[in-house]
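Participant:
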Amino acid sequence: MKLHWKILIGMVAGILIGLLINESFVIGGPLGEFLGHFSFVRKFAVFVFQPLIGPIGTIFIKLLKMLIVPLILASMIVGVAKVGDIRKLGGLGGRTFVFYLLTTWASVIVGLFVVNLIKPGTGAPLVLGEVPDAARTTVGVWDVILNMIPDNPIEAMARMDILPVIVFALFLGAILTTMGSKGQPLVNFFDSLNDAMMKMADIVIMLTPIGVFALIAKVVADTGFSIFANLGKYMITVLLGLAVHAFLTLPLLLRFIGGASPLRYFTRVSPALTTAFSTSSSSATLPVTIDCVEERAGVPPRVASFVLPLGATINMDGTALYESVAAVFIAQVYGIDLSFPQQTMVFLTATLAAIGAAGIPSAGLVTMAIVLKAVGLPLEGIGMILAVDRILDMCRTTVNVWGDTVGCAVITRLQGDEVPQEIR
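For what it's worth, our numbering labels the leading residue of the sequence shown as 153, then goes sequentially.
So, in structure tokens, the structure goes:
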């Protein structure tokens, strides 16, 4: 059975057990009369599961926390180091990186705009636990900027101060690209560490159905079914943000900078987009994406062969948008009004996490933990959004791949090449 089906089963089981444990729902709600004939069912659920769901959910969250710092450090250093000597990227590399960075910024801005406009988490009937003081602390913009540079990287890692760790990792990775053979042993070390952390992440991800079961059961046991109304609003907010970026921001760039017809180009690359939707993986879709862009859309292979693999690694517009919406949604659920500097922190962390840690499997789990930790929000909030993560994962991956293909057309035009006839 595939993982997403196991997660769905865990979610449904968590809802049912949570409802059984939730006394007000069982006694006064629609199941009361029916379960009155089977009171032993509720007694069994309360006796067996109530003492377990809290600790099991906590263990799952602690496993995620355990991965964050070493995974950030290794994956970001290796990701940057493998780009090649940053001094020799040249026009093609420089234009590609800047374009991907700008579109990622645009996606996060769209995400922050729609989540602040709709406020899907406002009025949610729960608080999942104590909120760390860091989430309620007011900071200035300069505080955010200055705190990006760690006084002591080791101390920042120990405190799980995420943004300084990201900046240090990106800086070290960039330096290693300039050191040639002298830097290779260190690159190999972090590459090996990255592989090991990925295997650890795989094991933790395998436990996701159990973690989802426990976290959902705890939420429903505490609040009943009403939280899912807010979850529906959250899902609509993410989909709206993805739609704005996919059908407005990227087509405008494609039309006015790339000189291509958005509709024609979309038609040409549609097999890659449907593959991305079904696989939820930019990397797995890459061969199809390259074939669509080169053979169907007529983009020069010398552009596509560089822009697309780099995009599959660092260009995650949909993921960055999703993370920014989810972080603000969880803050709203906890009754926290994130200040402008704190939302700036979300903006920066979502951008950097999407660029540097895009290869992490099930990025919706691990990179979301990175963003939440950066603004001091409890990771237990992940338990809510996991319930609808699968369909959102499919949608945001499709936007990721669409952004990669748009990048190919735009970079082709910026390189001075003629716009292919097939997409004019």
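From the three backbone atoms N, C-alpha and C, an ideal C-beta is built for every residue, glycine too.
1) What is the rounded straight-line gap between the Cα of LEU219 and the Cα of ILE213?
2) Could you tell me the distance, in whole angstroms, from the CA atom of PHE365 to the CA atom of LYS158?
3) Starting from ASN467, trace the alpha helix (DSSP H) in both directions and tell me its first and last residue.
4) Determine the direct distance from the alpha carbon of THR389 to that of THR330, and round the result to whole angstroms.
5) Under 8 Å, with one C-beta from each stretch per pair, do the stretch 548-563 and the stretch 411-430 reach the 3-pair mark?
6) Suppose the cutoff is 8 Å on Cβ atoms and the five residues either side in sequence are ignored; what does the same chain contact list for LEU204 look like?
7) For the alpha helix (DSSP H) that contains LEU338, what are its first and last residues?
8) Please state the DSSP three-state secondary structure of PRO316.
9) Please state whether DSSP places LEU529 in a helix, a strand or coil.
10) Does the distance from the CB of GLY231 to the CB of ILE466 come in under 9 Å?
11) Which residue wins for smallest C-alpha separation from THR401, given the options PHE251, ARG194, ILE575, LEU216?
12) Is the beta carbon of GLY410 less than 9 Å from the beta carbon of VAL260?
13) Going by C-alpha distance, which of ILE488, ILE482, ASN382, ILE173 is nearest MET520?
14) Measuring CB to CB, does LEU328 end up less than 9 Å from LEU315?
15) Under three-state DSSP, which class holds GLU570?
16) Measure the Cβ-Cβ separation of ASN174 and ALA464 and say whether it is below 9 Å.
17) Report all residues from its chain with a CB closer than 8 Å to the CB of MET349; omit the five preceding and five following residues, and keep chain order.
18) Does DSSP put PHE199 in a helix, in a strand, or in coil?
19) When the Cβ atoms of the stretch 498-507 are set against those of the stretch 455-464, are three or more pairs found closer than 8 Å?
20) I'd like to know whether the C-beta atoms of ILE229 and LEU324 end up nearer to each other than 9 Å.
21) Do you know how far the Cα of VAL319 is from the Cα of LEU109?
22) Tell me the start and end of each unbroken alpha helix (DSSP H) in the stretch 375-412 that is at least 4 residues and wholly inside, in chain order.
23) Using only the alpha-carbon positions, how far apart do VAL498 and VAL262 sit?
24) Relative to the C-alpha of LEU392, which residue among GLY206, CYS547, ILE161 is closest?
25) Measure the beta-carbon distance from GLY273 to GLN484 and round it to whole angstroms, keeping in mind my assumption that it falls under 8 Å.
26) I'd like the span of the alpha helix (DSSP H) that includes ILE534, first residue to last.
27) Confirm, please, whether the CB-CB distance from PRO572 to ALA424 is below 9 Å.
28) Start and end of the alpha helix (DSSP H) containing ALA276?
29) How many angstroms separate the CA atom of GLU447 from the CA atom of THR255?
30) Work out the CA separation of ALA436 and ILE357 for me, nearest whole Å.
31) Which same chain residues end up closer than 7 Å to ASN299 when comparing Cβ atoms and leaving out the 5 residues on each side of it in sequence?
Facilitator: So, from the listed chains and residues:
1) Here the question's residue 219 lines up with position 67 in the sequence shown. Here the question's residue 213 lines up with position 61 in the sequence shown. C-alpha separation (whole angstroms): 10 Å.
2) For this step, residue 365 is matched to residue 213 along the sequence shown. For this step, residue 158 is matched to residue 6 along the sequence shown. A straight line joining the alpha-carbon of PHE365 with that of LYS158 spans about 10 Å.
3) Working through the sequence shown from its first residue, we reach residue 467 at position 315. Boundaries for ASN467: no alpha helix (DSSP H) harbours it, and the DSSP string shows neither H nor E there.
4) To locate residue 330, count along the sequence shown from 1; it is residue 178. To locate residue 389, count along the sequence shown from 1; it is residue 237. Answer to the nearest angstrom: the Cα atoms are 42 Å apart.
5) Cβ pair count under 8 Å is three or more, so yes.
6) For the purposes of this step, residue 204 is taken as the residue at position 52 of the sequence shown. The answer, listed in chain order, is ALA366.
7) Here residue 338 refers to the residue found at position 186 when the sequence shown is read from its first residue. First-last of the alpha helix (DSSP H) with LEU338: 336-358.
8) Against the sequence shown, residue 316 aligns to sequence position 164. Annotated three-state conformation of PRO316 is helix, per DSSP.
9) Here residue 529 refers to the residue found at position 377 of the sequence shown. In the three-state reduction of the DSSP assignment, LEU529 falls in the coil class, being assigned neither a helical nor a strand state.
10) As a first step, residue 231 is located in the sequence shown; it is residue number 79 there, counting from the start. As a first step, residue 466 is located in the sequence shown; it is residue number 314 there, counting from the start. Remark: C-beta atoms of GLY231 and ILE466 approach each other more closely than 9 Å.
11) Your numbering for residue 401 matches position 249 in the sequence shown. Comparing alpha-carbon positions, the option among PHE251, ARG194, ILE575, LEU216 lying closest to THR401 turns out to be PHE251.
12) Within the sequence shown, residue 410 is the residue found at index 258, counting from 1. Within the sequence shown, residue 260 is the residue found at index 108, counting from 1. Judged by their CB atoms, GLY410 and VAL260 are not nearer to each other than the 9 Å cut-off.
13) Residue 520 sits at position 368 when you count from the first residue of the sequence shown. For MET520, the closest of ILE488, ILE482, ASN382, ILE173 by C-alpha to C-alpha distance is ILE482.
14) Your numbering for residue 328 matches position 176 in the sequence shown. Your numbering for residue 315 matches position 163 in the sequence shown. Taking C-beta atoms as the reference points, LEU328 and LEU315 fail to come closer than 9 Å.
15) Here the question's residue 570 lines up with position 418 in the sequence shown. Coil at GLU570, not helix or strand.
16) By 1-based counting over the sequence shown, the position of residue 174 is 22. By 1-based counting over the sequence shown, the position of residue 464 is 312. Not in contact: ASN174 and ALA464 (Cβ atoms no closer than 9 Å).
17) Working through the sequence shown from its first residue, we reach residue 349 at position 197. Here MET349 has LEU219, PRO222, LEU223, ALA226, SER227 as same chain residues with Cβ atoms under 8 Å from its own Cβ, once five neighbours each way along the sequence are excluded.
18) One-based indexing of the sequence shown puts residue 199 at position 47. PHE199 carries a helical assignment under DSSP once its states are collapsed to helix, strand and coil.
19) The stretch 498-507, when compared against the stretch 455-464, does not touch it at the 8 Å Cβ threshold.
20) Numbered from its first residue, the sequence shown carries residue 229 at position 77. Numbered from its first residue, the sequence shown carries residue 324 at position 172. Yes, they are a contact pair.
21) Only positions 153 to 576 of the chain appear in this structure, which leaves residue 109 out of reach.
22) Restricting attention to alpha helix (DSSP H) runs no shorter than 4 residues, the stretch 375-412 encloses them at 379-396, 402-408, ordered along the chain.
23) Stepping through the sequence shown from its first residue, residue 498 is reached at position 346. Stepping through the sequence shown from its first residue, residue 262 is reached at position 110. Each residue's alpha carbon lies about 13 Å from the other.
24) Stepping through the sequence shown from its first residue, residue 392 is reached at position 240. Closest option to LEU392, Cα to Cα, is CYS547.
25) Locating residue 273 in the sequence shown gives position 121, counting from the first residue. Locating residue 484 in the sequence shown gives position 332, counting from the first residue. Sure, about 3 Å apart at Cβ, within 8 Å.
26) Counting from one through the sequence shown, the residue named residue 534 turns up at place 382. Run containing ILE534: 534-537, per the alpha helix (DSSP H) assignment.
27) The count along the sequence shown starts at 1 and reaches residue 424 at position 272. The count along the sequence shown starts at 1 and reaches residue 572 at position 420. Contact: no.
28) As a working note, residue 276 is residue 124 in the sequence shown. Counting along the chain, ALA276 falls outside any alpha helix (DSSP H), and DSSP gives it neither H nor E.
29) As a working note, residue 447 is residue 295 in the sequence shown. As a working note, residue 255 is residue 103 in the sequence shown. Annotation: GLU447 to THR255 spans about 25 Å, alpha carbon to alpha carbon.
30) Counted from its first residue, the sequence shown places residue 357 at position 205. Counted from its first residue, the sequence shown places residue 436 at position 284. Their Cα atoms are separated by approximately 18 Å.
31) Here residue 299 corresponds to residue number 147 of the sequence shown, with the count starting at 1. Take ASN299, set aside five residues on each side of it, and the residues of its chain with a beta-carbon closer than 7 Å to its own are LEU315, PRO316, in chain order.
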